[in-house]
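Structure first, commentary second.
Residue numbers (this note's numbering): 1 to 203.
The following block contains the structure:
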């Protein structure tokens with residue numbers, strides 16, 4: 001079905017415009033109704049948060065007070081003059097310097113152990129001798145302990161070394177401490193020497 005629109009012009013200029021029926025109906029419907037109808041607001045209205053999700057004012061206030069307290073404490077702490085921590089609430093004279101008569105050395109090592117079997121600790125010290133000798137010879141010295149903080153030097157015939165290390169242990173399983181020393185000797189030779197102990201302070 002189609003509709004013919006006639007013109008009042010003379011027949012010589014007569015033309016017709018044919019519109020499909022469906023398009024004509026659609027045009028009439030659009031002409032009688034607004035093109036942009038307002039759509040209803042489908043958003044949910046604002047509602048209060050459930051109790052389990054709502055912030056607890058008391059918790060928020062307590063957290064704020066805790067933060068303020070920590071800040072004030074830090075401020076007071078920074079305002080105080082600093083002091084060595086080791087001097088705070090520690091007893092005086094925790095260690096007392098003992099006049100043990102030990103030789104001063106540098107580039108050194110030391111080790112403790114009961115080398116003579118008397119139940120008291122003895123001491124081995126290695127390093128560069130810092131006496132008045134301009135050569136500053138390397139030394140290895142054994143000191144026997146008396147059990148009361150005193151030591152006496154003994155001649156054990158050990159090779160002197162500096163830039164050194166030393167350790168005591170029973171390496172041969174005879175119950176006596178043995179000694180290992182490493183370092184540079186007087187001729188700048190690098191050495192590592194094991195001395196087996198006899199249990200009486202000798203090697």
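Where a beta carbon is used, it is the ideal one built from N, C-alpha and C, also for glycine.
It should be emphasised that the depicted structure is a prediction, and the values quoted were computed from it without experimental measurement.
For residue 195 and residue 159, the rounded distance between their alpha carbons: Looking at the two C-alpha atoms, the distance is approximately 10 Å.
Please report the distance separating the alpha-carbon of residue 83 from that of residue 108. Low confidence applies to residue 83: its pLDDT is 32, below 50, so where it sits in the model is not reliable enough to give any reading.
From the DSSP output, read off the bridge partner residues of residue 151. For residue 151, DSSP records a beta bridge to 145.
For residue 113, the three-state DSSP class (helix, strand or coil): Reduced to three states, the DSSP call for residue 113 is strand.
Inter-residue Cα distance where the pair is residue 157 and residue 203: If I take the Cα positions, the gap works out to 8 Å.
Starting from the C-beta of residue 149, find all residues in its chain whose C-beta is less than 6 Å away, skip the five residues before and the five after it, and write them out in chain order. Taken in chain order, the residues that qualify are 98.
DSSP on residue 208, reduced to helix/strand/coil? Not covered by the structure: residue 208. The range shown for the chain is 1 to 203.
From residue 140 to residue 164, what distance separates their C-alpha atoms? Those two C-alpha atoms are separated by around 10 Å.
So what's residue 162 in DSSP terms, helix, strand or just coil? Strand at residue 162.
Buried versus exposed, by CB contacts within 10 Å (16 or more), residue 122: With 16 or more other Cβ atoms within 10 Å, it is buried.
Of all the options 129, 116 and 144, which has the alpha carbon lying nearest to the alpha carbon of residue 100? When only C-alpha atoms are compared, the closest one is 144.
Residue 81 by DSSP, collapsed to three states: which one? Below a pLDDT of 50, predicted positions are generally treated as unreliable, and residue 81, at 39, falls in that range; no measurement from the model is reported.
According to the neighbour-count rule (16 or more other Cβ atoms, all chains shown, within 10 Å of its Cβ), is residue 191 buried or exposed? Per the 10 Å Cβ criterion, exposed.
Residues in its own chain within less than 6 Å of residue 155 by CB, not counting five upstream and five downstream? Counting only residues of its own chain and dropping the five nearest sequence neighbours on each side, residue 155 has no CB closer than 6 Å to any other CB.
Backbone CA spacing between residue 127 and residue 180 [nearest angstrom]: The straight-line gap from Cα to Cα measures roughly 14 Å.
Rounding to the nearest angstrom, what Cα-Cα distance links residue 106 and residue 125 in this structure? Approximately 10 Å between the Cα atoms of the pair.
Compare the C-beta of residue 101 with all C-beta atoms of chain D and state if any pair is closer than 8 Å. Of the chains in the structure shown, none is chain D; there is only one protein chain.
Let me check understanding here. Comparing Cα to Cα, which of 130, 151 and 137 lies closest to residue 104? The candidate whose alpha carbon is nearest that of residue 104 is 130.
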